[in-house]
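Colleague: According to our numbering, the sequence shown is numbered sequentially starting from -8.
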Amino acid sequence: MSTQLAAVRGMNDVLAGQMPAWQHLEQVTRTLFAEYGFQEMRVPIVEHTQLFKRAIGEFTDIVEKEMYTFSMSADESLTLRPEATAGIARAAITNGLLRGARLKLWTSGPMFRHERPQKGRYRQFHQIDIEALGFPGPDVDAEIIAMTARMWRRLGITRVKLKLNSLGTTESRRVYREKLVAYFQQHADVLDEDSRRRLGGNPLRILDSKNPAMQAVISGAPLLTEHLDPESREHFEGLTAMLAASNIDYVLDPRLVRGLDYYSRTVFEWVTDALGAQDAVCSGGRYDGLITQLGGEATPAVGFAMGVERIVELMQQTGATFAAPSPQVYVVIAGSRAGRAALALVERLRDELPGIAFETNAGGGNFKAQFRRADRSGAPLALVLGDDELERGVAQLKPMRQEGVQIEVPLAELAGRIPALLKSLQG
Ligand code: ATP
Ligand code: MG
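(1) Are at least three pairs of beta-carbons, each pair with one atom in the segment 293 to 312 and one in the segment 97 to 114, less than 8 Å apart?
(2) Within the same chain, show all residues whose beta-carbon is closer than 6 Å to that of Ala289, passing over the 5 residues directly before and after it, in chain order.
(3) Excluding the 5 residues preceding and the 5 following Val151 in the sequence, name in chain order all residues of the same chain whose CB lies nearer than 6 Å to its CB.
(4) At which residues does the beta strand (DSSP E) containing His117 begin and terminate?
(5) Given 8 Å as the limit, is there contact between the segment 116 to 129 and the segment 328 to 348, that is, 3 or more CB pairs closer than that?
(6) Helix, strand or coil, according to DSSP, for Thr257 in the structure here?
(7) Can the beta-carbon of Ala424 be found closer than 9 Å to that of Thr98?
(8) Any idea which residues DSSP pairs Phe175 with across the strands?
(9) Spatial neighbours of Gly78 within its chain, please: CB distance less than 6 Å, with the 5 preceding and 5 following residues excluded, ordered by chain position.
(10) Specify the secondary structure class of Arg144 as computed by DSSP and reduced to three states.
(11) Report whether the distance from the Cβ of Met138 to the nearest heavy atom of ligand 1 is below 8 Å.
(12) Could you check the C-alpha separation between Leu334 and Lys414 for me, to the nearest Å?
(13) Is the separation between the beta-carbon of Gly280 and that of Pro129 shorter than 9 Å?
(14) Given 8 Å as the limit, tell me if Arg104 has its C-beta closer than that to any heavy atom belonging to ligand 2.
(15) Would you mind giving the Cβ-Cβ distance between Leu219 and Ser163, rounded to the nearest angstrom? I have them listed as a contact below 8 Å.
(16) Hey, is the segment 38 to 53 in contact with the segment 85 to 102, meaning 3+ C-beta pairs nearer than 8 Å?
(17) Which residues in the same chain have their Cβ closer than 8 Å to the Cβ of Gln41, if we skip the five residues on either side of it in sequence?
(18) Unbroken beta strand (DSSP E) runs of length 3 or more, entirely within the segment 244 to 308: which are they?
(19) Who are Glu31's beta bridge partners in DSSP?
(20) Under 8 Å: do the segment 190 to 206 and the segment 170 to 182 share three or more Cβ pairs, one atom per stretch?
(21) Run the CB neighbour count on Ile135, radius 10 Å, all protein chains shown included, and call it buried at 16 or more, exposed below.
(22) Helix, strand or coil: which one does DSSP assign to Ala204?
(23) Expressed to the nearest angstrom, what Euclidean distance is found between the alpha-carbon atoms of His117 and Asp199?
(24) Taking the DSSP output, what are the residues bridged to Thr60?
(25) Between Leu23 and Met138, is the Cβ-Cβ spacing less than 9 Å?
(26) Hey, Leu376 and Ile324 are a contact pair by Cβ (cut 8 Å); roughly how many whole angstroms apart?
(27) Looking at Val258 and Leu155, is the spacing between their C-beta atoms short of 9 Å?
(28) Going by DSSP, name the residue or residues bridged to Asn156.
(29) Would you mind reading off the limits of the beta strand (DSSP E) that contains Ile324?
Right, dumping it as C-alpha cells:
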C-alpha cells in the first residue's frame, strides 16, 4: 500500500462493527444528559489559533506542541480544536448567550492533538463534553459528578474511581505559585528540562509531570490545598459534603492540577486501572475565569470531557457485547418478474409497517445462496417472492429459526400478518 493511501498516524477509522458500542455510549449519554436538563450544541472543529492559546494557556502541552495549526491566508492562523470548552465559551460570547443566563450544554465530536500515538492515546480522538455556564457552584459541580457516577452505572462500568481537588482562585494560586517556585528552585538540580522551562511560565504544571524521575521532588512540594482561600475552601467543603450525602466515593488528590490553565477551584478526574497507562476517562473542573479571559462578561462555569475511545474500551471489558440490529424480514426473490416487482412491493410494506426492518436480497443469487444470506442476516423471517407466487398474487412467509411452518399469504394480507408472526418468532 502506498503511503499516500495509509490513514494518518494516530487517526483511526471507526468501522461498522465498532459502531454499535459507540452508539450505545452516545445513546446512554444523550438520554442521561436530557434527564439532567442539558441541551446539545455543536461548534466548529476549526477555530482561530488565538482562541486556544488564550483559553488553554501558552505553557501547556497542548498549546506548546500538540496543536494542528494551519493557515489559508497570511493573516489567519487556524487550529483544529484540541478540546471543546474553548469553542463553547467562544460561542456563548459571540452568540450573546450569556447576559446572566444559566446554560447547561453538551457537545461531542472529534478533537485533535499531535501526541505520541499509543493504545488509548490518538491524534484524532473523540470527546463527549458537558458545560454548565453561569453557575457558581458547588451544587452544580456535585450534580455533574453525580451524573457521571450514574452514567458509569448505566454503562455497567465499575472499575473507575473519582479523584478530586480544588485549585482555589487565581489570586490564591498566585501566593501558592511563589512558594512552589521557591521550592523547585531549591531543587533545580533534579528538575527535568520540561520542568525547568515551566518554572518560569507555569510551575503548577510541574506537579502534573509523568516523568518517574520527577516524582520524588514532586511529592515533597508544598500542597495547594494548604493555601486555599477561605471561599474556595468553603466551596470545596460544600462539594465534598454533597458527594458524601449522595454516597459518591472520591479520593482527594492534592496533586491533581489538570493540563489546561483555565481551571479554578474544583478539578476532578475519573480514572481506571483497566486501561494501562492511559488511565483518565473523564476529566473536568471549574473555569470561573475563562469567559472573562476571552473577553466575555464574568460567568462562573464548570464542565468535563470524556474520552470516547477509552470508555468504549472499558464497556467492552465488562464483557458486554454490542451488535447492530438485524433485519426482521429478509426478502428472497425467485425469478426475474419477481425481481422487478420486489422493490415496489417492499416499499409498500415499509409504508404500511413503519419501524419494521426489511432487507431485500440484492445482486441476485440462486435460492440456496439467498437463503444463506437470509440466515446470516439474522432476520427471523424470510419473505419469499417467486414468479409463480406473483402470478397467483401471493408470497411465502418462512420462519428462519424455529421449526415454524412456511405459510402462503395473499400479497394484500402481508402487512396484516407480518407483525404478529414476528412477535411470535421473537417472543
Ligand atoms: P491525559 O492525561 O490522558 O493526557 P488529559 O488531561 O489531556 O488526559 P483532557 O484534555 O482533560 O485530558 O481530555 C478529557 C478526556 O479526553 C481525557 O480524560 C481522556 O479520556 C480523553 N483524551 C485526552 N487526550 C486523548 C488522546 N490523545 N486520545 C484519546 N483520548 C484522549
Ligand atoms: Mg493530555
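Each residue gets a CB set at the ideal place from its N, CA and C atoms; glycine is no exception.
Modeller: Working from what's here:
(1) Remark: three or more beta-carbon pairs, one from each stretch, lie closer than 8 Å, so the segment 293 to 312 and the segment 97 to 114 are flagged as touching.
(2) Hits under 6 Å: Thr283.
(3) Only Trp143, Trp261 and Thr263 meet the Cβ criterion.
(4) Where His117 is concerned, the enclosing beta strand (DSSP E) starts and stops at Gln115 to Leu124.
(5) Touching, no.
(6) Correct three-state label for Thr257: strand.
(7) Residue 424 lies beyond the range of the chain shown here (-8 to 418); nothing can be said about it.
(8) Per DSSP, none; premise fails for Phe175.
(9) Sequence-distant Cβ neighbours of Gly78 in its own chain, meaning closer than 6 Å and more than five residues away, are Val34, Glu38 and Arg72.
(10) Correct three-state label for Arg144: helix.
(11) Taking 8 Å as the cut-off, one finds no heavy atom of ligand 1 near enough to the beta carbon of Met138.
(12) Straight-line measurement puts the Cα of Lys414 at about 24 Å from the Cα of Leu334.
(13) No.
(14) Under cutoff, so the answer is yes.
(15) Going by Cβ atoms, the distance from Leu219 to Ser163 rounds to 6 Å, so yes, they are a contact pair.
(16) The segment 38 to 53, when compared against the segment 85 to 102, does not touch it at the 8 Å Cβ threshold.
(17) Cβ neighbours of Gln41 beyond the five flanking positions: Ser68.
(18) Counting only unbroken stretches of 3 or more residues, the beta strand (DSSP E) elements lying wholly within the segment 244 to 308 are 255 to 263, 271 to 277 and 292 to 298, in sequence order.
(19) Beta-bridge partners assigned by DSSP to Glu31: Trp97.
(20) Yes: the two stretches touch, three or more of their Cβ pairs being nearer than 8 Å.
(21) By the beta-carbon neighbour count (other beta carbons within 10 angstroms, threshold 16), Ile135 is buried.
(22) Ala204 sits in a helix when the DSSP states are folded into three classes.
(23) In a straight line, the C-alpha of His117 is about 23 Å away from that of Asp199.
(24) DSSP lists Thr70 as the bridge partner or partners of Thr60.
(25) Yes, they are a contact pair.
(26) Their Cβ separation, rounded to whole angstroms, is 5 Å, which keeps Leu376 and Ile324 in contact under 8 Å.
(27) Result yes, Cβ atoms of Leu155 and Val258 sit closer than 9 Å.
(28) Bridge pairing for Asn156: Val258 [DSSP].
(29) Per DSSP, the continuous beta strand (DSSP E) segment holding Ile324 begins and ends at Val320 to Ala325.
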